[in-house]
Amino acid sequence: MEKPEKRGMIDTWLDKHRSLYTAATRHDFVVSIRDGSVDLSSFKTWLGQDYLFVRGFVPFVANVLIRACKESGVTSDMEVVLGGLASLNDEIEWFKSEGSKWSVDFSTVVAQKANQEYRRFLEAMMSSEVEYSVVMTAFWAIEAVYQESFAHCLEEGNKTPAELTGACNRWGNDGFKQYCLSVKSIAERCLENASGEALAEAEDVLVRVLEHEVAFWEMSRGGQ
Ligand SMILES: Cc1ncc(CN)c(N)n1
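Pasting the structure below:
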């Protein structure tokens, strides 16, 4: 049986920003995968843009890893983040094989505005001025949106096209869910000891991640 989750700051903020969280995790693009009506050119646009995003996400996670080693004081933080970084290695390989499968040539894909802005946000999060608790909150939110979105495409009653279940399994699988819960507990533990200023910043960063995720899904509407 799964352990009941302890409610902390993140759950409080998710309640407060519920409609934005729903917009990020139940976007029309995700719902269209689940109900089978997805336009494949939208999927290809998402694939190309996400490949570029993930390449920018790697240095962000590497920076989280360094901070987990140096600042956390809890040895298991490093192991959790290292696991995330290792799975990004597989993820990049997966993107490359999907790129060939769908004939998306990543060398010609240009990052759209929403992608550029999200990547700029990640770069800002890599500054040593941003507190560890704030970075961890951002890290959790980025991973959790994908986990919740793609798990929805695998829930009972889905009509997800067979050729897209690989993508849904990548982030919707139970192992990824457990990993997100581990990142969430790290963030919650750090937030328990954070100053009022850091708490306000972490809430703001959470909202900004959700807005970036909505804008990211929106790019898929343009097709290719
Ligand atoms: C835009 C986005 N957000 C989150 C993830 C999950 N790492 C992703 N691949 N792309």
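Numbering follows full-length UniProt numbering, with no gaps: position 174 of the sequence shown is 174.
Quick reminder that beta carbons are idealized off the backbone N, C-alpha and C, glycines included.
Cβ neighbour criterion (16 or more within 10 Å) applied to residue i
i, result
"Leu-206", "buried"
"Val-61", "buried"
"Val-183", "buried"
"Ser-220", "buried"
"Glu-79", "exposed"
"Gly-157", "exposed"
"Ile-66", "exposed"
"Arg-7", "exposed"
Among the options, the one whose alpha carbon lies nearest that of residue i
i, options, result
"Leu-154", "Asp-174, Ile-92, His-27", "Asp-174"
"Pro-59", "Val-104, Val-74, Leu-82, Ala-141", "Leu-82"
"Val-54", "Ser-76, Val-30, Ile-142", "Ile-142"
"Lys-101", "Gly-56, Phe-57, Ser-149, Ala-167", "Ala-167"
"Phe-139", "Ala-23, Gly-84, Arg-34", "Gly-84"
"Met-126", "Trp-171, Leu-191, Gly-56, Glu-213", "Gly-56"
"Ser-149", "Leu-181, Ala-187, Trp-217", "Trp-217"
"Lys-16", "Asp-204, Glu-213, Gly-222", "Asp-204"
"Gly-222", "Lys-113, Ala-124, Asn-169, Val-145", "Lys-113"
"Val-64", "Glu-201, Gln-147, Ala-124, Val-214", "Ala-124"
Span separating the alpha-carbon of residue i from that of residue j
i, j, result
"Ser-72", "Lys-159", "43 Å"
"Asn-115", "Tyr-51", "10 Å"
"Lys-96", "Met-136", "28 Å"
"Met-9", "Ile-33", "31 Å"
"Ser-197", "Thr-165", "In the sequence on display, residue 197 carries Glu and not Ser. Each residue's Cα considered, the two are about 42 Å apart."
"residue 265", "Ser-195", "Outside the displayed span of the chain (1 to 224) sits residue 265, for which this structure offers no information."
"Tyr-179", "Thr-25", "18 Å"
"Glu-93", "Asn-193", "38 Å"
"Gly-199", "Glu-98", "Correcting the residue identity first, residue 199 is Leu in this sequence and not Gly. Computed Cα separation, rounded: 39 Å."
"residue 226", "Val-209", "In the structure as shown, the chain begins at 1 and stops at 224. Residue 226 is therefore absent and cannot be evaluated."
"Glu-117", "Arg-189", "29 Å"
"Trp-171", "Ala-151", "7 Å"
"Glu-91", "Ala-111", "18 Å"
"Gln-224", "Lys-44", "Because Gln-224 carries a pLDDT of 48, less than 50, the predicted location of this residue cannot be relied on, and the following value inherits that uncertainty. Looking at the two C-alpha atoms, the distance is approximately 7 Å."
"Glu-201", "Asp-39", "38 Å"
"Asp-11", "Ser-107", "40 Å"
"Ser-103", "Asp-35", "24 Å"
Extent of the continuous alpha helix (DSSP H) run through residue i
i, result
"Gly-175", "174 to 192"
"Met-9", "9 to 16"
"Cys-69", "40 to 71"
Rounded distance between the beta-carbons of residue j and residue i, thought under 8 Å
i, j, result
"Phe-29", "Ser-42", "6 Å"
"Ser-128", "Leu-191", "19 Å between Cβ atoms; not a contact."
"Phe-121", "His-212", "6 Å"
"Asp-77", "Ala-68", "4 Å"
"Val-109", "Gly-48", "4 Å"
7 Å Cβ cutoff, residue i in contact with chain C
i, result
"Ser-41", "In the structure shown, chain C does not exist; there is a single protein chain."
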